[in-house]
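Colleague:
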């Protein structure tokens, strides 16, 4: 009985640490939602409502939300994966700024790099939305793009590949590889 209580208390302790780490990275949540807004704007998608940052009383966590009206699965895909591409890019930029800054600014830029990378991956809501839109459009016989996506699910990889190719062409590859490893480390630390 005592062992069970100790385990339960430790789980609550870890949960409170995870909640604390999530909440102190709230700038990443705002950037995540702004990435969705940016992607909606460039794909000419109607934005119904945006909540950049709100406190969820039930979970005790900060969260954000965007409600859009997509006309195609392509729009849903771009809007859904935009935080991954944009926030990882921002994370690398913040790391570059941290290397060239002085005083307290490197710590500030490292904090924003951590916030960006931690919030870069699609939320469960983002993934659910992407797949529901893909599923909905696949069943439309006249939508040729949806049929293409049904058989070749490489579009996200192509987009990410183009993104990284452009990034590699405008930067020096060696520092970028080092920064990518650091971004990966920051992301893994985000699971603590």
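In this note's numbering, the protein residues as written are 52 to 243.
Backbone N, C-alpha and C define an ideal beta-carbon position, used for all residues, glycine too.
If you draw a straight line from the C-alpha of residue 77 to the C-alpha of residue 179, how long is it?
Modeller: C-alpha of residue 77 to C-alpha of residue 179: approximately 22 Å in a straight line.
Colleague: By a C-beta neighbour count over all protein chains shown, 10 Å radius and 16 as the cutoff for buried, is residue 132 buried or exposed?
Modeller: buried
Colleague: CB-CB under 7 Å to residue 245, same chain, minus the five flanking residues each way: which ones, in chain order?
Modeller: No answer is possible for residue 245: it lies beyond the span of the chain, which begins at 52 and ends at 243.
Colleague: Residue 143 and residue 87: beta carbons closer than 9 Å?
Modeller: no
Colleague: Ordered along the chain, which non-local residues of its own chain (more than five positions away) have a Cβ less than 6 Å from that of residue 91?
Modeller: 98, 119 and 130
Colleague: Quick check: what's the CA-CA separation for residue 2 versus residue 80?
Modeller: Lying before the first or after the last residue shown, residue 2 is absent from the chain, which here runs from 52 to 243.
Colleague: Could you check the C-alpha separation between residue 152 and residue 68 for me, to the nearest Å?
Modeller: Each residue's alpha carbon lies about 30 Å from the other.
Colleague: Measure the beta-carbon distance from residue 84 to residue 101 and round it to whole angstroms, keeping in mind my assumption that it falls under 8 Å.
Modeller: 7 Å
Colleague: Excluding the 5 residues flanking residue 94 on each side, which residues of the same chain have their C-beta closer than 7 Å to its C-beta?
Modeller: Contacts found: 126, 129 and 130.
Colleague: So which of 187, 139 and 183 has the shortest CA-CA distance to residue 169?
Modeller: 139
Colleague: How big is the Cα-Cα spacing for residue 181 and residue 173?
Modeller: 10 Å
Colleague: In whole angstroms, what separates the C-alpha of residue 158 from that of residue 82?
Modeller: 19 Å
Colleague: Just checking residue 84 against the ligand ZN - is the residue's beta carbon closer than 8 Å to any of the ligand's heavy atoms?
Modeller: With respect to the ligand ZN, the structure offers nothing, as it holds no ligand at all.
Colleague: In chain order, which alpha helix (DSSP H) runs of at least 4 residues are fully inside the segment 65–131?
Modeller: Entirely contained in the segment 65–131, the alpha helix (DSSP H) runs reaching 4 residues are, in chain order, 77–93.
Colleague: Please classify residue 24 as buried or exposed, where buried requires at least 16 neighbouring CB atoms within 10 angstroms.
Modeller: Only positions 52 to 243 of the chain appear in this structure, which leaves residue 24 out of reach.
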